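Number of protein chains: 2
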Amino acid sequence: MAVVPAPVDLATVLARIQRPWEPRTVAVLNDYDVRVVRTHGEFTRHSHPETDEVFLVLSGSLTIRMDDGDVTLGPGQLFVVPKGTSHQPYSPDGAEVLLVEPSATVNTGDTPSELTAGRRVV
Amino acid sequence: MAVVPAPVDLATVLARIQRPWEPRTVAVLNDYDVRVVRTHGEFTRHSHPETDEVFLVLSGSLTIRMDDGDVTLGPGQLFVVPKGTSHQPYSPDGAEVLLVEPSATVNTGDTPSELTAGRRVV
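Residue numbers (our numbering), protein chains in the order written: chain A, 4 to 125; chain B, 4 to 125.
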């Protein structure tokens, strides 16, 4: 009899992440990733010309600065940054965030920076 | 200046759902949905021949019965039911669950039942 994989415990994965802005892929859904990331401070302003991006805050607070204004998310709050929309995540006090996006998505999108991170699957 | 949409507060949406097993689409990501659902009791055993399905428990406890065994998820725990895998969600004490799946996905997959629910976007 095959063994059923254990569920992924998001808090356990997040506790192991040492640096902010480095997403970990915790699940793969067809050609999409579910990722978790710890945010702290100011991220690179960028856009994803090819995809929407879902942000769900698990703990803490995350502001997403966009040309049309800012949105601030607390725990249990979700926002979709539309495809091609310039956005800058900003999290002065830190947050734990769940992302959903195509597996090919790079965290800094069209704006490579020192915060660009490779895809890491846990 | 355009107005930035408000974030979706998952607890607010869940509080408005009167019946278990009726998902609400809270966000659309390309051709995928993020949905929330209240689970209680036993759901229809079914599979999705065309897609994987992500379950993330927000509160309570959800068991997913599969041919190879059961997996039980608590808050903050995530599981992917692979494409074509028969599964039966079971939640004797109730749970609040976040789902990610293609927008065309029907909750009862290949097994229509009295619990089949149409797509409802909040």
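Every residue, glycine too, gets a C-beta built ideally from N, C-alpha and C.
All values derive from a computational prediction rather than experimental measurement.
One thing to note: residue 81 (chain B) has its Cβ within 8 Å of the Cβ of residue 57 (chain B). The Cβ atoms of residue 123 (chain A) and residue 28 (chain A) sit closer than 8 Å to each other. The secondary-structure analysis by DSSP pairs residue 36 (chain B) across a beta bridge with B:31 and B:104. Counting only Cβ-Cβ distances below 9 Å, residue 30 (chain A) has contacts in chain B at 55, 57, 59, 81, 82, 83 and 103, in chain order. A direct Cα-to-Cα measurement between residue 73 (chain B) and residue 90 (chain B) gives close to 9 Å. In the DSSP assignment, residue 15 (chain A) falls within the alpha helix (DSSP H) that extends over 13-19.
Interface annotation for the stretch 60-71 of chain B against chain A: 69 and 71, criterion Cβ-Cβ distance under 7 Å. Around the Cβ of residue 37 (chain A), a 10 Å sphere holds 16 or more other Cβ atoms; the residue is buried. Under the three-state reduction of DSSP, residue 95 (chain A) is assigned to strand. Against chain A, the CB of residue 12 (chain B) has a partner CB under 8 Å away; the residue lies at that interface.
When Cβ-Cβ separations below 8 Å define contact, residue 98 (chain B) makes no contact with chain A. Excluding the 5 residues flanking it on each side, residue 30 (chain A) has same chain C-beta neighbours closer than 8 Å at 11, 36 and 37, in chain order. Looking from the CA of residue 24 (chain A), the closest CA among A:46, A:6, A:62 and A:77 belongs to A:46. From the beta-carbon of residue 33 (chain B), the residues of chain A found nearer than 7 Å are 54 and 55. The bridge partners DSSP lists for residue 73 (chain B) are B:68.
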